[in-house]
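Engineer: Take the sequence shown: its letter number 110 is residue 110 in full-length UniProt numbering, and every next letter is one higher.
The beta carbon of each residue, even a glycine, is placed where N, CA and C say it ideally should be.
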Amino acid sequence: MASSSSNADDMDSDSSNLLISVERNPPPSRLADLGIKSWPNILQKNEAFLLLLCFLVQMGLSSGKFPLKFDAKQTCYLLKGKVKAYIKGSAEFVEFGAGDLVTIPKGLSCTWDVSVSVDKHYKFYSS
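1. Is DSSP giving residue 121 helix, strand or coil here?
2. Can you tell me where the alpha helix (DSSP H) holding residue 32 begins and where it ends?
3. Using only alpha-carbon positions, find the residue among 101, 94 and 25 that is nearest to residue 122.
4. For residue 80, which three-state DSSP category applies?
5. What residues in its chain sit with their C-beta under 7 Å from that of residue 39, if we drop five residues either side in the sequence?
6. What are the boundary residues of the beta strand (DSSP E) that includes residue 97?
7. Buried or exposed for residue 72, going by 16 or more other Cβ atoms inside 10 Å?
8. Would you tell me roughly how many angstroms separate the C-alpha atoms of residue 115 and residue 99, rounded to the nearest one?
9. By DSSP's criteria, residue 41 is part of a beta bridge. Which residues make up the other side?
10. Just to confirm before moving on: does the CB-CB distance between residue 77 and residue 36 stay below 8 Å?
11. Excluding the five sequence neighbours on either side, which residues of its own chain have a C-beta within less than 6 Å of the C-beta of residue 23, listed in chain order?
12. Compare the beta carbon distance of residue 65 and residue 113 with 8 Å and say whether it is the shorter of the two.
13. For the beta strand (DSSP E) holding residue 105, just list the boundary residues, first then last.
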């Protein structure tokens with residue numbers, strides 16, 4: 001297991017030098033310092049994720065493989081779920097799940113292999 005890998009052939013950026021950071025079970029004080037509870041929740045009814053949720057329900061893809069490209073840095077805290085993220089250009093993967101704080105760098109292309117449906121708080125950074 002490593003910090004890079006992917007199978008998303010249709011994604012054109014080279015992600016080989018970008019790594020996913022996983023902080024396993026951070027203490028509640030760290031989560032409070034980050035303000036995690038004020039971050040959007042993927043299952044909340046905000047417009048973009050409501051559309052995504054409708055698509056996932058319609059397609060039956062709450063678990064499965066999803067090619068993703070991150071146009072902004074994202075930090076997320078998984079409330080539930082289990083994921084293997086394969087970064088483009090590598091056969092290795094990063095595994096994370098419920099209780100993990102995950103940081104995904106801007107420009108990363110990867111495929112999420114979701115074995116247990118994900119619920120998460122997330123934050124995108126615009127820099």
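Structural biologist: Answer, in terms of the structure:
1. strand
2. 28-34
3. 101
4. strand
5. 121, 122 and 123
6. 94-97
7. exposed
8. 16 Å
9. 121
10. yes
11. 101
12. yes
13. Counting along the chain, residue 105 falls outside any beta strand (DSSP E), and DSSP gives it neither H nor E.
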